[in-house]
Structures are given as structure tokens and as C-alpha cells.
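Just below is one structure, and these are the notes that go with it.
Protein chains in written order, with our numbering: chain A, 1 to 767; chain B, 768 to 922.
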């Protein structure tokens, strides 16, 4: 029976955050920091013919201004990935060329923001405008080349072909797809597209920097990837990593936006050049124009099936708009196949081809779901269309075809690094339960396919299934250190980065459970490259599973140490010692010492030793969380407006370490998915300027937009996870858009294949 | 220019420039609870009380606050703590960045409406965006907080 794990403990930092204590990056920056601003390109593609900063530099209070002429040209990638990265080194810290509206042109540092902005406006730039590539559907082989320069490169062979605007290509093939499709009784062939959704985290990117007493560069940043950021900065500034420290304080959300380094370069450069502390806080518009968003993707999906609804073959051919730079291009489009196709493990053949293409749009990057969301929207929409074609219930077609507990597919061998040929069975898969439970919770039998509310309003229901990963096998590793203090409490040092999800808290729960101690005796310190052990970062749904396993190993090692030193204390052998979290007991004569007393004694009186234990973990097996999502949507036939009346999400995340915090992940993910499905429209003008670049134009869901959200966690357990846990953070967004668009179809007969499903699209398609 | 304001009950004379917004003035003077999420008056994260009324400090020119009373969450720590407990208990504290503005709106709602309905809650908080929680848990927490307050009041 577990005492701390699977309990809804409150987040350790919650009260301080909500009472407004100064805990975030900008609250902590030294008062005298120089304020840094970045001049950004107004053009989607241009060459800087001339840039003149002489007048701007004369503004009183301006400390320095840098242009590309002041910076050594070094290609790099801002993507937070393990080295060697799968993203192209195609970015420069300031360049003669600008490749999207919002690309960086000059860096200004001044005594305050007003002065910096004044100087920024006085920089004179003469641009030679170049013909851009604005439509990714036409980018491959376009006469305009986004990256004509020849000093960019990529470490891995991923089909990078800059002369054709191809950032990468991913292929996956099982069996003879064309043959099976040609033999299939029913074939569905459709195209689906999603928009470049924004992460829209509450706190924009920001960071500050200073030199420490040894002259080392310290960067405090709102980041998901402190260790990757240290390495990326070392590369850009040609410094040894030993000269850089990166610290993450509390941060205001991430959702992938901070899995790419952005703000850190600018204050760091100013500090290195001036020796002074410097800070930057991105404006919301800067986030929209100057960072990354979800990759817009477009998939042609072909499904071959028999008349009974058995899916025989799936073919997915997709393109991704990676924008001006290829950050996370390969891994996102790859995930759209690798973490989507295994849902249908009974196919005779499947094929996936994905290409990420350079354009002069805002770069694509990481956003919760990371390609899987895009692939799931395409494939699950096509499966729903197949169900319609065959007049089979969409639930039935899932039950017939989806992966079930204990089953496998060769795709898992093909997509799991280092696993080998042994069949990998999905022993913890609770997808069957998720579908069954979700169907009951939404009252599917009663509501499918639609119910007329009144003359103008109809309610339809729709559903979809999805998976994600739990960390990246044989790639992303995490580690943890436990240190015992006198008085019997521990420091838990972890490189993992809590984005606000509560990962610091759930990792403390895992440590406490393993050692049998009170969770309040675990003091967590995380995300500081000098003081905490390596962790690849908060991405790829890895913290609970990967870091959680590392913490469990560290705690087991600590328990062993306590027993070993307990044996020395009682002058007996280890087999004669028991540790129950409160006391160390010599079994044969029942002599005992409280743990507080023991920890004091070994520090001050006898043995004189510091107990420290560590643990590292890299996943070996693929441990996907699963979800079934059911939507009930009301469509207003007069206006085309679609409202979500209820969304039911049933999630298999293995053992939820903290059911309360897991539930909020599901609720938050569903609502972010509703934004993707219905509201979050992305518009560019014909010159490549993003028009939806503030919260005035870019509409994320508000609390009055939403109906009921119903969440159920399946009673699952994965043997490879810490106490049976799998991930939860990302899978929760994937089913939402395909379930909602099918509900809209069931309500009013309009099939939206290009997100978001706005009232205009629904109404115009109806007419 | 100088403005005379009362912040959290204490009279202050502050130096401001004519084009400065109150959120900046307050942060520059150490009121770090104010968080800026959008620059366009869209997110509610910088909500304060001006003469007891909830306003967005990012769209209020500091000069216009001259002669007025300002309350930030630093000035209502006990009341904020009471609300925060319920949000934390429900797990909807999350990243916390929108939390202070949300709590300032909740305190304003309480002042304006006796026994607020779900619709009242949504109405008074409609300008407070949150990307982490999906709002549902916040509604549960706020209702539990208001119920508890009500029970206390009727004792």
C-alpha cells in the first residue's frame, strides 16, 4: 500500500506563487540591470544592405548596440535537444539576412526600457527586399531559397536539402501499402491541415545575466532546458561550458515554447561584452513573431479497409511548415507518424512520409503534443470518415482496430532506439477501458450521432483516440541526487524543470515513498546547471517517467546507504538492520535509534560522514499513455458557431503519482485542444507578416467559452514506470480536435478538414 | 512628473513619466506581484484595485492614478491567502503567473455580489486568462471558497 504516491498532495510552491511573492525571472533581476531590446525585421525575407547605429548610440543612457557586423558568424540551432541535435545549424545570432518578420536585426542595451526603445527606433537599416517563400505547400523546389548560405549544416543524415527548402524528411514503411490499398474494398483518401497554434503561456520568454565572482556567465532564464541552453550558449559564444551557469527560477508556463532557446542570447552577449548585468523581457508580440509555434502540417491520408470496418492499410504523406529555421523540424514530423500509427497495430501495411519545409514564416517549434497532435488530427479524422462511409459507429471501428493490452506492432521496434527485434508488448495499455468508459460518460448510445435542440441548434457527438510517449528511449536521460542532512531531512537535487505542472512536488513524492519518509522532509532544488545533476529537460513527456525513475533509483541507493551505515552504527551486519523511514532498528535485539538522532550522530559524533546518493535513468521501452476523447458540440445553424457542451477525456497514464495534479493536466490539455479546434486562428498577410500577433487577434479560450469538462483517469500500471507511472502532459491534447470536428459533422454535415473550425468555415461550407 | 497615491494604505509620492503605465510604475517601486502577460489589456494578469474597483494596471496611465487609492495583492495578503488555499487545494495554482490577477478579481467579485452564482463568477473573471488549468478546477475552487466563507459568515 502506497503512502505518498497516488495521493493528491498540493504543489509545494503554490501558496507563495499565488500570494505574489517575487519568484519569477524578472522579479529577481538585479535592479541595475541594463535593459536589452531586439530590433526585429519588418520584412519576411531581406538582406541588410546597410545598418547605421551611430545616431542611436548617441542617445544618453545607451550602453551598446550590436549588429551582425559585431558578432562572429557561427551557425547553431536554438532547439533544445540532446547533442548531436537532429535540427539543422541554420541560425546565426544576427545575420546579414533576415528570414521572417520578427527575425533579429540588432541588439540594444540601455539604462532603462524607454531609452532602449528610443535608440532602437533610431537605428537606420537599408534592406534589400528578397522574394520570400510564404506557402509551405509550394516551398519544395521553389525558385526562392530560404537558406542559400553554404555554411549551415546538420549533424545527422535526415534528408536536409536546403537548395530545395527541405529541412528534413522522415520515412516509415511496413509491408506493401500500395498493394493492400488496391485490394481494399473501401478506400478513404482525404487531406487535413492544422494551423500554427501558439503556446500562449502566461509568462513570455525572459532572462537576465551577470558575471559571478569568478567571472563566469550566469544566465537566469524562464526555460524548459537549462542544460541544453548552457551547451547552446557555449557554442554561440565559443566559451567552454565550464564558464556558464544556467538557472531556472519559477516559470510562468512553457508548453514547449521554452524548449527552444530564445531570450538568453541577447542579455548574455551584453554581459559578456560589458561585464554588466543585463535583462530582457519579451513583449507578447515578440513572442508571436520572434519565437516559435506549433508546426502547421498538412497530411494526405489514405486508408484501405474491408466492408466490416477492418483497417488493412494506412498511408500518411505529410508536409510541415518549419518556417525560417528548422528547430524541432525532424522530431515533430517524425512523431506525427511514429507516435500515431501504432494505435492501429492490426494493419497489414502502413507507410509514412513526412517532409519539413523552409518558408519565410515564423519558425515552427515545440508545443504540447509535438507533431503527434497534428498526426492524430489527420489520422483520427480519416478513421471517423471511414466510419461514416461504412455506416459503422466510430466507437465500433476503434474497438475493431485499435491496439489493446498486451498487443504489439513491429512499428514499435522500428521506432524505439536500441530496443532490437524482440516484440515489444504494450502490457499496460488501457485504451479499451478508456473508450468504454468515455462512451458511457458522454452517454454515447443516447446521443450518437445528433440531437436537435431547437429549430436552429443541433448537438452532435464525436470521438477520437490517441497516444504519446513517455520520454525518449536511449536519448533523453535524467538524474537525481539525494543528500541527507542532520535532523533527518533530505535535499533532492534534480535537473528537471518544473513548468508549473508540479513536477518538483511529484518527484518529492516518489523519493518520500521509496524511503518511507514524510514528503515534507524532502526539500527539492531543481534546474541549476551548477548545483543539480544533468537532466535533458522538461519535454517529450519525460519528467514523471524518466526523472521519476532516476529519483526512485537515487532513493533506493540512499536507503541502501542508510542500512549500511546503520549496520556500522550498531556494529552488526546489514542483514540485521531495518529502516522504516522513522527509525533504524537492529533486528536481533530490537535496539533502535530515531532517524533524526542517527543523522545528527553521523554528522557530529560518530562515523562522521555525509550520505549522498544519486540515480540516473534513460528509458529503454516505449511506454505510451493513451486517451479516448469524446466531444458533444452544439452548432448554431444560423451563425455556424460551434460550442463544446461537454468534453469527456479518459486517460491511461499508468499510476497517477498525484491524481489531483494529473487531472488538471487533462483539463488544461483539453481546453488547449479546444482552442486549437475552434478558436486559435493564425493569419498572415500577403507579405508574410503574422497578423494574429497579440491576444487581441489571437483568441485563446476564456472561461466563458467552455462547457463541461469531464475527466477520468484509468486504473493503470506500467511496470517500467516509477510506481507504475507513465506520462500525462501531452497525450491530453491530441484527441480534442478530431473528436470536435466529427461532432460538428454529426451535428450539421460539415466536415472541417482545416483547423480551426470557425463559424465562417462551418456556415460557408453549409451553404 | 510626480503623482500622489495611496498604495496598500500607505501614502506615496512617485516619480513617473507622462507615458508610463501603472503596471510599470508599481513594478519599478517593488510591487512584484504585478504580472504583465499581454501589453494589450487582454489577459487580466496585472489586475489591481483602484479605489476598490478591479482594473487592469497595464492600460492605466500612471498619471491618472494621481490622488487615488491602489491595492495590490501585497496589501491584502491575508484575504489572498484564504482564496489561494482553495486554488492550491484543487491543484489549479499551476504556473501561478495569472494567479495574483485572478485572486484580485475574485476579491472584487466578493465585494460586488452576495452569493454569486456560477454565471456571476464567470462574468467577473472573464477577463482573467489562464492557459494551464482549463478553468474548470478554478471554478470548483472558487465555489468551495465562497461556500466556506458563507458558512463562516452564517455562524
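For every residue, glycine included, the Cβ atom is placed at its ideal position computed from N, Cα and C.
In its own chain, which residues sit with a C-beta less than 6 Å from the C-beta of residue i, not counting the 5 before and 5 after it?
i                      : result
residue 859 of chain B : 900, 904, 905, 908
residue 768 of chain A : In the structure displayed, chain A extends from 1 to 767; residue 768 of chain A sits before or after that span and is not available.
residue 613 of chain A : 482, 554, 557, 558, 561
residue 854 of chain B : 860, 908
residue 543 of chain A : 496, 503
residue 774 of chain B : 837
residue 709 of chain A : 647, 667, 670
residue 897 of chain B : 865
residue 156 of chain A : 86
Quick one: measure Cβ to Cβ for residue i and residue j, integer angstroms, because I've assumed they're closer than 8 Å.
i                      : j                      : result
residue 168 of chain A : residue 356 of chain A : 5 Å
residue 162 of chain A : residue 147 of chain A : 4 Å
residue 263 of chain A : residue 198 of chain A : Their Cβ separation, rounded to whole angstroms, is 16 Å, which puts residue 263 of chain A and residue 198 of chain A out of contact at 8 Å.
residue 769 of chain A : residue 66 of chain A  : In the structure as shown, chain A starts at 1 and stops at 767, and residue 769 of chain A therefore has no counterpart that could be examined.
residue 837 of chain B : residue 850 of chain B : Rounded, the Cβ-Cβ distance is 19 Å, inconsistent with contact.
residue 78 of chain A  : residue 432 of chain A : About 41 Å separates the two Cβ atoms, so there is no contact after all.
residue 717 of chain A : residue 428 of chain A : 6 Å
residue 250 of chain A : residue 892 of chain B : Not a contact, Cβ separation roughly 23 Å.
residue 757 of chain A : residue 740 of chain A : 7 Å
residue 527 of chain A : residue 248 of chain A : 4 Å
residue 181 of chain A : residue 304 of chain A : 4 Å
residue 609 of chain A : residue 569 of chain A : Rounded, the Cβ-Cβ distance is 11 Å, inconsistent with contact.
Which one or two residues does DSSP pair with residue i in a beta bridge?
i                      : result
residue 463 of chain A : A/630
residue 569 of chain A : Paired residues: none, contrary to the question.
residue 319 of chain A : A/298, A/355
residue 491 of chain A : A/483, A/523
residue 227 of chain A : Note: residue 227 of chain A sits in no beta bridge, so no partner.
residue 52 of chain A  : A/124
residue 171 of chain A : A/353
residue 768 of chain A : Residue 768 of chain A lies beyond the stretch modelled for chain A, which goes from 1 to 767, so this question has no answer here.
residue 770 of chain B : B/781
residue 577 of chain A : A/586
residue 591 of chain A : A/586
residue 838 of chain B : B/816
Rounded to a whole number of angstroms, what is the C-alpha to C-alpha distance between residue i and residue j?
i                      : j                      : result
residue 126 of chain A : residue 34 of chain A  : 27 Å
residue 808 of chain B : residue 438 of chain A : 39 Å
residue 685 of chain A : residue 698 of chain A : 14 Å
residue 912 of chain B : residue 856 of chain B : 10 Å
residue 366 of chain A : residue 297 of chain A : 13 Å
residue 134 of chain A : residue 101 of chain A : 11 Å
residue 380 of chain A : residue 341 of chain A : 10 Å
residue 388 of chain A : residue 633 of chain A : 18 Å
residue 888 of chain B : residue 195 of chain A : 32 Å
residue 606 of chain A : residue 592 of chain A : 16 Å
residue 75 of chain A  : residue 273 of chain A : 20 Å
residue 441 of chain A : residue 599 of chain A : 51 Å
residue 105 of chain A : residue 679 of chain A : 32 Å
residue 283 of chain A : residue 267 of chain A : 15 Å
residue 595 of chain A : residue 508 of chain A : 18 Å
residue 650 of chain A : residue 39 of chain A  : 46 Å
residue 404 of chain A : residue 353 of chain A : 26 Å
residue 129 of chain A : residue 45 of chain A  : 6 Å
residue 456 of chain A : residue 31 of chain A  : 59 Å
residue 453 of chain A : residue 459 of chain A : 7 Å
residue 574 of chain A : residue 567 of chain A : 5 Å
residue 320 of chain A : residue 171 of chain A : 14 Å
Please go through the same chain and pick out, in chain order, the residues whose beta-carbon is closer than 7 Å to the beta-carbon of residue i, but skip the five residues on each side of it.
i                      : result
residue 83 of chain A  : 231
residue 923 of chain B : Nothing can be reported for residue 923 of chain B: it is not among the residues displayed for chain B, which extend from 768 to 922.
residue 516 of chain A : 580, 581
residue 139 of chain A : 133, 165, 357, 358, 359
If we define contact as Cβ-Cβ less than 8 Å, is residue i a contact residue for chain C?
i                      : result
residue 667 of chain A : Considering every chain present, this structure includes no chain C. Its protein chains are A and B.
Excluding sequence positions up to five away, which residues of its chain have a Cβ less than 8 Å from the Cβ of residue i?
i                      : result
residue 408 of chain A : 345, 423, 424, 425, 426
residue 152 of chain A : 75, 88, 89, 90, 162
Query raised in the report: In the stretch 229-285 of chain A, which residue ranges form an unbroken alpha helix (DSSP H) of at least 4 residues, counting only runs that do not cross its ends?
Result: Whole alpha helix (DSSP H) segments, 4+ residues: 265-274.
Requested in this report: Please list the segments of the alpha helix (DSSP H) lying wholly inside the stretch 859-899 of chain B, counting only runs of 4 or more residues, in order along the chain.
Outcome: 866-879, 885-892
Query - In chain order, each beta strand (DSSP E) run of at least 3 residues that lies wholly inside the stretch 85-166 of chain A - result: Listed in chain order, the complete beta strand (DSSP E) runs (minimum 3 residues) inside the stretch 85-166 of chain A are 104-110, 124-129.
Query - Length-filtered (4 minimum) alpha helix (DSSP H) runs lying within the stretch 342-410 of chain A - result: Counting only runs of 4 or more, we get 372-390, 394-401.
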